[in-house]
Structures are given as structure tokens and as C-alpha cells.
Ligand code: ATP
Ligand code: BTN
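Written as C-alpha cells, this is what we have:
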């Protein structure tokens with residue numbers, strides 16, 4: 004990544020042609036003591052992972068599949084803030100590099116015209132209330148054609164190329180994403196979650212609208228009223244009461 008402008012992020016890059024999942028590789032490297040800021044990037048993942056145990060489709064040369072190794076100096080519950088920070092940073096990088104108007108869907112999907120172009124999967128190793136390391140896995144669909152997507156989600160997914168009609172340079176985009184991430188990470192370390200959350204809200208497309216939340220055994224419908232200082236969704240239920248939803252096991256659908 005010649006010309007990378009970051010101070011610590013991506014100063015060490017593990018580049019893989021093909022890997023099962025960059026998150027596992029990153030976790031293994033972190034266990035072996037890889038420094039904070041190391042990045043694993045792959046041309047292809049054969050066993051890409053999505054949230055909630057789902058698969059993530061990561062075909063060769065078509066996207067940016069990468070994982071960041073971090074060690075944020077906070078308690079484990081606050082690590083969620085870094086995941087939301089990642090969504091803000093990648094959305095900002097895409098907007099700057101391509102002009103495409105990406106929006107954020109709670110908690111951390113990026114959408115273009117209602118279709119998902121990027122997902123984030125964070126994994127944490129913590130003990131005794133301390134974070135050992137955190138892996139933030141980011142998958143950006145860049146140059147797929149609509150027909151490259153498996154049929155199950157051809158309607159709900161998109162790539163930056165299908166969204167804009169232009170072929171996007173992946174190297175420029177990952178460079179921009181790493182630079183944005185580092186800037187936001189430093190703001191967060193200095194000033195806390197407030198500025199990150201403000202930016203997250205500005206780019207959100209799943210606030211102030213009617214949504215349905217699916218949990219493993221139930222679902223709720225309501226008005227997405229706000230996000231609290233921990234990143235939880237505040238859902239106004241039809242009966243008037245306010246329900247606090249944390250992102251762990253749930254997924255959101257806009258109505
Ligand atoms: P979330 O649960 O994160 O709010 P979600 O309910 O849309 O989002 P996820 O597990 O996050 O589900 O992501 C899976 C969905 O993401 C798929 O159903 C598909 O629509 C979309 N998607 C977009 N690009 C991809 C991709 N490259 N691989 C897999 N799924 C993708
Ligand atoms: C989701 O929205 O469900 C999360 C998708 C996360 C995909 C990225 S691609 C790089 C990293 N490695 C993985 O196996 N998953 C994440």
C-alpha cells in the first residue's frame with residue numbers, strides 16, 4: 004500500500020491471496036503477539052463469516068476483505084463503540100473516494116439505495132474485564148456484478164460498482180479506509196464516543212423510521228427513536244414505552 008498516510012494502522016500488512024477468513028488469521032496473529040494496527044487483507048476468503056453465524060461471500064478480486072488488530076484501552080462492553088467507529092470511517096472513505104452516498108444501518112451495515120455493500124464483524128478476546136485484543140473484520144463489495152451475488156441475496160446486496168456504474172480502485176479505497184479509521188480512532192481516544200456517535204447519526208438511514216427487530220426467539224416493531232451513548236437502539240413501541248435494544252443477537256429491518 005504505497006502512499007499510505009497512517010501513523011500506526013496498516014504499518015504492518017499481512018497480505019494473503021486466499022484465506023478461510025481474515026478474522027481467524029488476524030486472531031491467530033494477535034495471539035502470537037502481532038502489534039496493534041496490524042492488518043490482514045485477502046484477495047479471496049473461502050470461509051468468510053458474517054454476523055449471527057451467517058456466511059459472507061468474498062470472491063477473488065471483487066471486494067476488499069480485511070481485518071484490523073486493535074487493542075483499545077477500554078472495558079469490553081465499550082468495544083462496540085469501535086465497531087460503530089469502523090462503520091463511520093468506511094462510510095466516510097467511500098463517500099470521499101467515490102462520491103457514492105452510503106448510509107449506515109444500525110448497528111453497522113453500510114447500504115446504498117437500501118442494498119448492503121459492506122458488513123462488519125468484530126471479535127473480541129477479553130479476560131478479567133480487560134481486552135486482550137480486538138479484531139474488526141470489514142467486507143466491502145467493490146466490483147461484483149449483480150449476477151455475481153448468490154441468488155438468495157441478489158436483491159438485497161450491491162457492490163460499489165453496481166451502485167455507481169464505475170469500476171473502483173480497491174487499493175485507493177483501502178488506503179482511504181485505513182486513513183479514515185485511524186483519524187476517527189484518534190478522535191475517539193482523545194474525546195470519547197460523542198463525536199463518533201454524532202457522525203454515525205448523521206449518516207444513519209435507520210433512525211427516525213419504522214423498523215422491525217428480529218431476535219432469535221421474538222421480534223418487535225417500533226419507531227427507531229435514537230441511539231444511546233452505548234450505541235444501543237432506543238425503540239418506541241406501539242404502546243408508547245421505550246425499549247433499549249443492544250446489537251448482539253439481533254438484526255434490523257426497515258419497514
Ligand atoms: P445485520 O444482521 O447485520 O443487521 P442483515 O440482517 O442484513 O444485517 P447480515 O448477516 O449482516 O444480515 O448479512 C447478510 C446479508 O448481507 C445477506 O443476506 C445479504 O443480503 C447481504 N450481503 C451483502 N453483501 C454480501 C456478501 N458479500 N456476502 C454475504 N452477504 C452479503
Ligand atoms: C455482516 O454484515 O454479517 C458482517 C460481514 C463481515 C465480513 C468481513 S470480510 C473480512 C472479515 N472476515 C470475515 O470472515 N468476515 C469479515
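Numbering (our numbering), first residue to last: 4 to 258.
Every residue, glycine too, gets a C-beta built ideally from N, C-alpha and C.
None of these values were measured; they are calculated from a predicted model.
- The Cβ neighbour count for residue 169, taken over all protein chains shown within 10 Å, is under 16; the residue is labelled exposed.
- Boundaries of the beta strand (DSSP E) harbouring residue 125: 118-130, taken from the DSSP string.
- With a threshold of 7 Å, the Cβ atom of residue 52 counts as near ligand 2, since some heavy atom of the ligand is closer than that.
- About 5 Å separates the CB atoms of residue 42 and residue 13; that is less than 8 Å, so the two are in contact.
- Residue 203 places its beta carbon less than 8 Å from that of residue 87.
- Nearest to residue 206 by C-alpha distance, out of 38, 95, 17, is 95.
- Taking the CA atoms as reference points, residue 256 sits about 23 Å from residue 92.
- Take the alpha-carbon of residue 81 and the one of residue 233: they are about 7 Å apart.
- Here the C-alpha atom of residue 137 lies approximately 9 Å from the C-alpha atom of residue 79.
- Between ligand 1 and the CB of residue 83, the shortest heavy atom gap is not smaller than 7 Å.
- Cβ neighbours of residue 51 within its own chain (closer than 6 Å, five residues either side excluded): 24, 59, 61.
- Take the alpha-carbon of residue 127 and the one of residue 47: they are about 23 Å apart.
- Under the DSSP definition of a beta bridge, residue 108 partners with 112.
- With 16 or more other Cβ atoms from the protein chains shown falling within 10 Å of its own Cβ, residue 188 counts as buried.
- Note that the C-beta distance between residue 77 and residue 141 is not below 8 Å.
- Beta-carbon to beta-carbon, residue 119 and residue 160 are separated by about 5 Å, close enough to satisfy the 8 Å threshold.
- Secondary structure of residue 61 (DSSP, three-state): strand.
- A heavy atom of ligand 2 is found nearer than 7 Å to the CB of residue 70.
- Taking a contact to require three or more Cβ pairs closer than 8 Å, the stretch 27-41 and the stretch 147-158 do not qualify as touching.
- The Cβ-Cβ distance between residue 216 and residue 235 does not fall below 8 Å.
- Contact check for residue 67 and residue 173: beta-carbon distance about 5 Å, within the 8 Å limit, so the pair qualifies.
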